[in-house]
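A quick write-up on the structure given underneath.
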Amino acid sequence: MATPKRTSPASNAPDPRLRFDPFGFRKFSRDFFRQDTVSVARAIIGAWLARRHKNHWYGARIVETEAYLGAIDAAAHSWRGRRTPRVEPMYLDGGHLYVFLVYGMHSCANVVTGPAGVAEAVLLRAAEGPEGTPPKFLSGPGRLCAAFGITVAASGIDLLSGGDLRLFQGQQRNIGISKRIGVEYAGEAADWPLRFFDKDSAAVSGPLRLRTDL
DNA sequence: CACATGATCGCCT
DNA sequence: GGCGATCATGTGG
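Residue numbers for the first sequence, in our numbering: 2 to 215.
In structure tokens, the structure reads:
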């Protein structure tokens, strides 16, 4: 008989090093996510991504994001209003999650922004784990998803309806701005200053030259 | 650190 | 059929 084919699980277990206690954290309002996408991308630097798994909580502080501006943005999956099953979650109300697979192997998680029908989102590019975890542990969208066990099975879920994935408010940070990473094909949009990062975090991804303001 | 390359497959044209 | 909102590894400066 043939070699057993490995089936990808609906959702993977989060890394145990991310255990944390969400007690006392404040949640965001729906209207917060309905703001313009750039504001949200900036504002969630320092916020906490959290996941519940088998009655335990796991979390990390977001240190790097990118804004994707929908129909007008050649780097966005919803460019020119493109509407396919994969991209459909981008059209949901602000506060939902959009997850996609790149290069056949890495998941990327986005927070949907704007009101329903506006297909914009914020890509979560990197986070900082608890002290003691390697600086690059959650550095890069693929690694962040892998550590949290987030897969495309989570695409379309609501972060505000009491589910297993949530976003909590954090502390204000020193914000740096640059162009986005890995979108060179997007023409003029490739140079738009839509990447935001915590200047004081070692967990930020990408080349060093993109770690300073424009 | 910068740059090049291979891995690997769902999605779109 | 081609190509990515990436990552790990290897080379060279």
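Positions of the beta carbon are idealized from the N, C-alpha and C atoms, including for glycine.
Is it buried or exposed for residue i, if we count other Cβ within 10 angstroms and need 16 for buried?
| i | result |
| --- | --- |
| residue 167 | buried |
| residue 175 | exposed |
| residue 62 | buried |
| residue 24 | exposed |
| residue 224 | Look at the range of the chain in this structure, 2 to 215, and you will see that residue 224 is not part of it. |
| residue 20 | exposed |
| residue 185 | exposed |
| residue 164 | exposed |
| residue 73 | exposed |
| residue 40 | exposed |
| residue 145 | buried |
| residue 65 | buried |
Check for me: the alpha helix (DSSP H) holding residue i runs from which residue to which?
| i | result |
| --- | --- |
| residue 35 | 31-35 |
| residue 149 | 142-149 |
| residue 40 | 38-44 |
By the three-class DSSP mapping on this structure, what secondary structure does residue i have?
| i | result |
| --- | --- |
| residue 80 | helix |
| residue 73 | helix |
| residue 99 | strand |
| residue 59 | strand |
| residue 20 | strand |
What span of residues does the beta strand (DSSP E) with residue i cover, start to end?
| i | result |
| --- | --- |
| residue 111 | 107-114 |
| residue 127 | 121-129 |
Name the DSSP bridge partner or partners of residue i?
| i | result |
| --- | --- |
| residue 50 | 61 and 168 |
| residue 137 | Per DSSP, none; premise fails for residue 137. |
| residue 67 | 124 and 196 |
* Could I get the ranges of all uninterrupted alpha helix (DSSP H) runs contained in the segment 151-211, with 4 residues as the minimum, in chain order? => none
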